[in-house]
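First comes the structure, then the notes that go with it.
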Amino acid sequence: MGNEDIKDLEYFLQPVSDIYLKSENLGGARFWRIGNANELKYYEAISILVLLISALNYILLTRAGISERLHELGTRKVFGLQKTV
Numbered sequence: 068m069g070n071e072d073i074k075d076l077e078y079f080l081q082p083v084s085d086i087y088l089k090s091e092n093l094g095g096a097r098f099w100r101i102g103n104a105n106e107l108k109y110y111e112a113i114s115i116l117v118l119l120i121s122a123l124n125y126i127l128l129t130r131a132g133i134s135e136r137l138h139e140l141g142t143r144k145v146f147g148l149q150k151t152v
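Each residue of the sequence shown is one higher than the last, beginning at 68 in our numbering.
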């Protein structure tokens, strides 16, 4: 950037929520990646899918742990063992 380019710069305010998707008219924007709304929708869908898979995994692991404890409890009842402190 030479001195001529600096004289041609304009400054303006922009809402923070618009910076990623609506920044194509910034000086020097050719060096920055401009946001794409469709790409953000794909990322959102992928993140929701990962969240659902992790919630399902948590539910299944918790259920398996409860099942194992119930099996142990049934075995203790059959053998007449007392609960230890």
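Where is the CB? At the ideal position from N, CA and C, for every residue including glycine.
In angstroms, rounded to a whole number, what distance separates the CA positions of residue i and residue j?
i      : j      : result
Gln44  : Ser90  : Absent from the model: residue 44. The displayed extent of the chain is 68 to 152, so no value can be given.
Phe79  : Asp85  : 13 Å
Lys108 : Tyr125 : 26 Å
Ser114 : Gln149 : 48 Å
Gly141 : Glu106 : 53 Å
Gly147 : His138 : 14 Å
Under the three-state reduction of DSSP, which class applies to residue i: helix, strand or coil?
i      : result
Tyr109 : helix
Ser114 : helix
Gly147 : coil
Gly102 : coil
Is the segment 102-120 touching the segment 129-143 in the sense that three or more CB pairs, one from each, lie closer than 8 Å? no
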